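Structure, as structure tokens:
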Amino acid sequence: MPTWMFSPRRREPWVAAIVLLADQLTKGLVHGTIHLHDSVPVIPGLLNFTHVLNEGAAFGLLNAAQFRFKPVIVATMALIALVAIIVYAGRFATETASARYGLALVLAGAVGNLIDRATRGHVLDFVDLYWESWHFWAFNVADAAITTGAALIVVDMLFAKRDVSTAV
6 MPTWMFSPRR REPWVAAIVL LADQLTKGLV HGTIHLHDSV PVIPGLLNFT
56 HVLNEGAAFG LLNAAQFRFK PVIVATMALI ALVAIIVYAG RFATETASAR
106 YGLALVLAGA VGNLIDRATR GHVLDFVDLY WESWHFWAFN VADAAITTGA
156 ALIVVDMLFA KRDVSTAV
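According to our numbering, the sequence shown is numbered sequentially starting from 6.
Below, the structure is given as structure tokens:
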């Protein structure tokens with residue numbers, strides 16, 4: 006793990022812990038209160054909480070595919086991605102707050118979804134954004150954290166000023 010994640014004065018580990026906790030609590034709440042494939046309108050015409058299972062990867066990729074050992078393969082892919090994120094965090098992107106917060110969010114989201122894959126064989130998604138007959142892919146708190154964190158990392162990569170002579 007990157008050393009900045011364990012500094013007692015840093016807020017990033019707390020953000021990651023809160024996001025991970027919120028992810029697991031909301032998934033547990035949906036699992037316990039909304040039947041599979043049922044919806045609860047939150048903002049009619051825009052947002053429902055719909056209990057769905059994602060056995061594939063991000064945005065439902067491979068969700069419909071059926072092949073032997075699919076849960077193990079998808080979980081292994083997620084674990085490899087998580088290790089790559091940790092390696093990236095340890096070597097780069099720890100100089101700026103946007104990169105650190107972005108990595109904390111991505112890490113928390115990846116761990117949240119990996120917990121689901123390891124314990125249930127799928128990820129529980131429930132946020133259903135839609136407009137008329139168009140629906141965005143259902144997602145969860147972990148997915149939102151990963152997306153937000155990735156956006157922060159991209160902003161950091163594009164706009165952070167770094168001394169490139171020390172990067173080599």
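The beta-carbon is built from N, C-alpha and C at its ideal position, and this holds for glycine as well. Quick caveat, the model's predicted, so the values are computed rather than measured.
As a quick exercise: from the options, pick the residue whose alpha carbon is nearest that of residue i.
i    : options                   : result
V88  : T101, V116, D148 and H36  : V116
K32  : K166, D130, A155 and G154 : D130
L174 : A123, H140 and V146       : The first residue shown for the chain is 6 and the last is 173, placing residue 174 beyond what the model contains.
V128 : F164, V57, V45 and V159   : V57
G126 : E17, T81 and I91          : T81
A86  : E100, A155 and V160       : A155
Below 8 Å on the Cβ atoms is my contact criterion, and I expect residue i with residue j to pass it. Report the Cβ-Cβ distance as a whole number of Å.
i    : j    : result
V35  : A150 : Rounded, the Cβ-Cβ distance is 16 Å, inconsistent with contact.
A176 : D133 : The question about residue 176 has no answer here: the residues shown for the chain are numbered 6 through 173.
D161 : S103 : 4 Å
V77  : I90  : Contact doesn't hold; Cβ gap of about 20 Å is too wide.
Along the chain, where does the beta strand (DSSP E) containing residue i start, and where does it finish?
i    : result
T101 : Careful: T101 lies outside any beta strand (DSSP E) and carries neither H nor E.
H56  : L52 to N59
D133 : V128 to W136
Following the continuous alpha helix (DSSP H) through residue i, name the residue where it begins and the one where it ends.
i    : result
P46  : Run containing P46: none in the alpha helix (DSSP H); it sits in the beta strand (DSSP E), S44 to I48.
I39  : Neither: I39 is in no alpha helix (DSSP H) and is coded neither H nor E.
F164 : V146 to F164
Spatial neighbours of residue i within its chain, please: C-beta separation below 8 Å, excluding the five flanking residues on both sides.
i   : result
A22 : A113
Could you pull out every residue in the same chain whose Cβ sits closer than 7 Å to the Cβ of residue i, ignoring the five residues on either side in sequence?
i    : result
R45  : The sequence given here has Val at residue 45, not Arg. Result list for V45: I39, N53 and F54, in chain order.
Y106 : E17, V20 and L157
>> Tell me whether the stretch 107–121 and the stretch 136–152 touch, counting them as touching only if at least three CB pairs, one residue from each stretch, are closer than 8 Å.
In response: Flag = yes, the stretch 107–121 and the stretch 136–152 touch.
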